[in-house]
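All remarks here apply to the structure that follows.
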Amino acid sequence: MENEDVYVIPRSNMPVNDCANPEFLLGLFPTLFPYGCGAPYDSTRPSPVSLNQHIRYLLAYEDQRFEKHHSFMFVLFNIMQRRQACWNASLMASRPYFQDTATDLQTLTSKEIEAALISATSQTFSSITNPRVNMLMKRIRTVGGNVMGSAYSRASLRTQIHALIFNQGLPSIFMTINPADIHSRVALYFAGVDLDLDTILPEKIPSTYERAQIIASHPVATTRFFNVLISSILKCMVEKGVLGPIKAYFGTVENQGRGSLHLHILMWLDHDLTPSQLKESVKNEEFRNGLLGYLEDIIKQDLSNFDFDTSETDVPERQHTHIISNNECAISTTESNTSKLIPLIMPTPKPSMPNFALHFKNDIVQLVNSNNIHKHTITCYKYSKKYENPTCRMRMPRRIENVSSINIESGEIKLKRLHETINNFNEYIISACRSNMDIKYIFSGSDAKALVYYITDYVTKSNLSFHDTFSLVLKAIQSLEKQKLNIDAAVNAEEKSRRLVLRCYNTLASQQELSGVQVASYLMDAMDIESEESCIETEEQFSLQFDEASTRYVYVNTRVDYQHRSASLDDICLYDYIRFYRKKPIDAKDRKQLEAQAATKSVESKEPRRGRPFSEREMFQAGHPQASSHINIKRLKPVVPVLLGPQVPRRDREDTRERHCRSILTLFFPWRSIQDLCDVDQTWQQ
Numbered sequence: 084m085e086n087e088d089v090y091v092i093p094r095s096n097m098p099v100n101d102c103a104n105p106e107f108l109l110g111l112f113p114t115l116f117p118y119g120c121g122a123p124y125d126s127t128r129p130s131p132v133s134l135n136q137h138i139r140y141l142l143a144y145e146d147q148r149f150e151k152h153h154s155f156m157f158v159l160f161n162i163m164q165r166r167q168a169c170w171n172a173s174l175m176a177s178r179p180y181f182q183d184t185a186t187d188l189q190t191l192t193s194k195e196i197e198a199a200l201i202s203a204t205s206q207t208f209s210s211i212t213n214p215r216v217n218m219l220m221k222r223i224r225t226v227g228g229n230v231m232g233s234a235y236s237r238a239s240l241r242t243q244i245h246a247l248i249f250n251q252g253l254p255s256i257f258m259t260i261n262p263a264d265i266h267s268r269v270a271l272y273f274a275g276v277d278l279d280l281d282t283i284l285p286e287k288i289p290s291t292y293e294r295a296q297i298i299a300s301h302p303v304a305t306t307r308f309f310n311v312l313i314s315s316i317l318k319c320m321v322e323k324g325v326l327g328p329i330k331a332y333f334g335t336v337e338n339q340g341r342g343s344l345h346l347h348i349l350m351w352l353d354h355d356l357t358p359s360q361l362k363e364s365v366k367n368e369e370f371r372n373g374l375l376g377y378l379e380d381i382i383k384q385d386l387s388n389f390d391f392d393t394s395e396t397d398v399p400e401r402q403h404t405h406i407i408s409n410n411e412c413a414i415s416t417t418e419s420n421t422s423k424l425i426p427l428i429m430p431t432p433k434p435s436m437p438n439f440a441l442h443f444k445n446d447i448v449q450l451v452n453s454n455n456i457h458k459h460t461i462t463c464y465k466y467s468k469k470y471e472n473p474t475c476r477m478r479m480p481r482r483i484e485n486v487s488s489i490n491i492e493s494g495e496i497k498l499k500r501l502h503e504t505i506n507n508f509n510e511y512i513i514s515a516c517r518s519n520m521d522i523k524y525i526f527s528g529s530d531a532k533a534l535v536y537y538i539t540d541y542v543t544k545s546n547l548s549f550h551d552t553f554s555l556v557l558k559a560i561q562s563l564e565k566q567k568l569n570i571d572a573a574v575n576a577e578e579k580s581r582r583l584v585l586r587c588y589n590t591l592a593s594q595q596e597l598s599g600v601q602v603a604s605y606l607m608d609a610m611d612i613e614s615e616e617s618c619i620e621t622e623e624q625f626s627l628q629f630d631e632a633s634t635r636y637v638y639v640n641t642r643v644d645y646q647h648r649s650a651s652l653d654d655i656c657l658y659d660y661i662r663f664y665r666k667k668p669i670d671a672k673d674r675k676q677l678e679a680q681a682a683t684k685s686v687e688s689k690e691p692r693r694g695r696p697f698s699e700r701e702m703f704q705a706g707h708p709q710a711s712s713h714i715n716i717k718r719l720k721p722v723v724p725v726l727l728g729p730q731v732p733r734r735d736r737e738d739t740r741e742r743h744c745r746s747i748l749t750l751f752f753p754w755r756s757i758q759d760l761c762d763v764d765q766t767w768q769q
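Going by my numbering, the sequence shown opens with residue 84, and the numbers climb by one from there.
What follows is the structure, given as structure tokens:
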């Protein structure tokens with residue numbers, strides 16, 4: 084023993100620095116970096132690589148050792164979350180609204196949290212009872228609002244959907260797709276299983292248990308499969324008109340209890356009819372028949388359109404041998420000892436194959452019978468308050484309807500349904516996704532509001548109850564109270580309040596439950612899905628920017644940019660200004676384009692130039708702090724402005740009607756000063 088080399092692991096009570104430390108991951112995961120190189124922040128690397136890019140590179144490594152490691156992804160995800168939380172807390176502490184309330188926050192005690200917890204237990208808690216507790220919870224939400232994967236960050240989806248509704252009107256279609264990853268050959272292929280996707284033999288397909296093991300150990304591959312499948316369906320089917328002309332869509336990705344992902348998506352049909360106009364239009368027989376024909380074409384509630392001899396379609400009950408190639412689909416039923424192949428594993432029939440219509444109908448019948456018929460489970464009744472004859476939360480079974488109809492008075496639509504428990508489906512989409520799905524047409528404004536609330540409330544729900552949240556906040560404040568003796572007396576109130584909010588948020592975030600697929604989705608930056616109508620957030624806060632022309636710092640924001648826009652944009656409102664224009668530093672190319680624009684306006688006609696036209700550019704007026712260094716440039720694609728902060732007040736209430744009128748005029752009427760909108764002796768309603 085005396086002659087043997089001994090390796091001593093050094094220990095210390097000082098935490099290791101995980102920020103820009105190239106040795107941190109090397110020492111934490113020696114089996115993943117066996118040669119002591121390849122970690123982020125390596126100073127010998129000739130070109131700097133961001134941490135996000137480096138993580139994606141490691142997770143896509145060919146030998147898959149990083150994605151299969153039991154803790155590597157979670158450690159990096161936690162590091163990134165903590166960095167974002169620290170950054171958000173520091174940014175929040177610099178805001179005027181935080182500095183005004185910092186003194187109240189830093190004197191908040193654990194006894195006040197205990198009192199709030201007791202009142203919550205007795206159901207007497209109110210934000211008015213202790214406004215400081217309510218203020219603390221708001222600040223915690225602010226810190227977590229831009230932390231990836233937090234419940235608070237998902238709340239921003241609600242404002243984005245509301246912004247799309249303001250811009251495009253109410254959505255028309257609501258669809259859910261629930262990909263069956265453990266039954267997908269594409270998911271197995273991404274996970275590294277040696278499969279020929281063009282030729283399928285039962286003996287080459289792993290068993291269900293083996294497939295589940297493979298998918299569970301390859302979260303990155305599962306994420307790639309989900310993104311490829313959903314993006315292909317949206318790009319190749321939805322955008323190409325399978326459900327009709329679509330002008331916008333917005334999808335939210337959620338996880339299930341077993342950790343897999345599914346999609347809720349709202350779609351806007353390309354028409355400008357409001358729900359009230361639709362309700363009025365259905366009184367016209369021709370319009371009513373056309374609407375019913377369209378809905379029967381895109382939404383099926385039974386298999387009556389796929390009638391044929393189904394005696395050979397009970398796939399789960401039999402054993403099949405399938406040989407599929409590029410040019411043919413040969414299916415033979417035998418009683419051999421080959422593995423059972425469920426319809427979800429089989430490929431979508433190709434239009435080029437002989438008897439495609441028969442194969443396609445056969446495929447739809449098998450998919451629906453095996454995966455789109457509702458079967459009651461214990462979760463169906465988890466919200467039911469009845470002990471006898473409880474109600475299924477999926478509203479199954481549903482009423483049989485022999486023919487489709489529209490109630491002219493109420494506007495209620497009843498589509499043909501000859502099966503009580505089949506979920507709504509579209510035959511082309513279910514054949515492509517080969518999994519469970521649901522689809523619903525949104526006819527009334529009340530339905531649209533209910534669905535928007537459902538998907539945004541569902542995706543923003545927290546794993547922690549109200550009582551658990553307050554208990555954890557109490558724990559965080561008590562731990563800070565024990566450390567007060569060690570805190571430097573010179574620390575100001577803003578810093579103490581920042582530490583309080585950050586400690587409370589980190590304590591809450593430590594109880595968050597996330598699956599490996601969710602973590603991989605966030606690290607690979609592939610969670611939510613939007614159409615080309617991308618959203619941009621706007622707020623009134625000033626930002627401090629450096630003006631190179633005058634070598635000084637100036638305060639600017641969107642309002643200042645809008646007020647000092649060029650005279651040629653006099654007729655554009657604030658909402659359209661944000662939607663169609665953006666500010667950028669001026670360069671030589673911009674100056675050349677401005678000269679070309681001036682020359683074009685000075686002559687009556689000009690021959691069209693070759694190539695892509697330049698984006699329109701506009702100078703700021705002289706009163707703008709950055710008039711000499713920045714310009715407005717027209718966006719290549721319009722964006723959807725997302726208004727941060729309080730929502731536009733309601734117009735149907737007397738106490739908010741004045742503020743509603745002020746908000747609408749400010750957003751949608753051109754102005755440069757308040758006098759352009761409202762005179763001194765006028766109300767906003769006038």
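For glycine and all other residues, C-beta sits at the position ideal for the given N, C-alpha and C.
The straight-line gap separating the alpha-carbon atoms of residue 116 and residue 271 is approximately 26 Å. Your pair residue 520 and residue 265 does not check out as a contact, with CB atoms roughly 17 Å apart and the cut at 8 Å.
Taking a 10 Å sphere around the C-beta of residue 443, we find 16 or more other C-beta atoms and assign the residue as buried.
With contact defined as three or more Cβ pairs closer than 8 Å, the region 519 to 539 and the region 244 to 260 are in contact.
Pairing residue 352 with residue 370, the inter-Cα distance amounts to about 16 Å. Bridge pairing for residue 754: absent [DSSP].
Here DSSP, grouped into helix, strand and coil, assigns residue 491 to coil. Counting along the chain, the unbroken beta strand (DSSP E) around residue 717 starts and ends at 713 to 717. Between residue 168 and residue 247, the CB-CB gap reaches or exceeds 8 Å. Following the DSSP letters along the chain, one finds residue 362 inside the alpha helix (DSSP H) bounded by residues 358 to 364. Residue state for residue 281 is assigned as coil, using DSSP reduced to three classes. Under the criterion of beta carbons closer than 8 Å, residue 581 and residue 173 qualify as touching, at roughly 7 Å.
Taken through DSSP and simplified to helix, strand or coil, residue 726 comes out as strand. Pairing residue 182 with residue 578, the inter-Cα distance amounts to about 10 Å.
Runs of the beta strand (DSSP E) lying entirely within the region 517 to 559, each at least 3 residues long, are 519 to 524 in chain order. The three-state secondary structure of residue 345, taken from DSSP, is strand. Note on geometry: alpha-carbon atoms of residue 428 and residue 514 lie some 11 Å from one another. Nearest in C-alpha terms to residue 449, of all of 517, 438, 300, 474, is 517. Judged by DSSP in its simplified three-state form, residue 599 adopts helix.
Per the DSSP secondary-structure output, residue 668 pairs in a beta bridge with 713.
For residue 108 against residue 98, the beta-carbon gap comes to about 15 Å, at or over 8 Å, which does not count as contact. Residue 700 holds the alpha-carbon nearest to the alpha-carbon of residue 681 among 700, 668, 663.
Just so you know, the alpha carbons of residue 228 and residue 588 end up roughly 11 Å apart. Counting the other CB atoms within 10 Å of its CB gives residue 337 a total of 16 or more, which places it among the buried residues. According to the DSSP assignment, residue 220 belongs to the alpha helix (DSSP H) that extends over 214 to 227. Across the structure, residue 486 and residue 507 are spaced so that their CA atoms are roughly 16 Å apart. Between residue 274 and residue 301, the C-beta spacing is below 8 Å.
Where residue 700 is concerned, there is no enclosing alpha helix (DSSP H), although the beta strand (DSSP E) around it starts and stops at 700 to 702.
By the CB criterion at 8 Å, residue 643 and residue 707 fall inside the cutoff. Within the same chain, Cβ atoms closer than 8 Å to the Cβ of residue 652 are found at 660, 664, 701, 715, the five residues on either side in sequence being excluded. Annotation: the continuous alpha helix (DSSP H) that includes residue 297 extends over 291 to 299. For residue 503, the secondary structure class from DSSP, reduced to helix, strand or coil, is coil. Judged by DSSP in its simplified three-state form, residue 737 adopts coil rather than helix or strand. The beta-bridge partner set that DSSP reports for residue 484 consists of 500.
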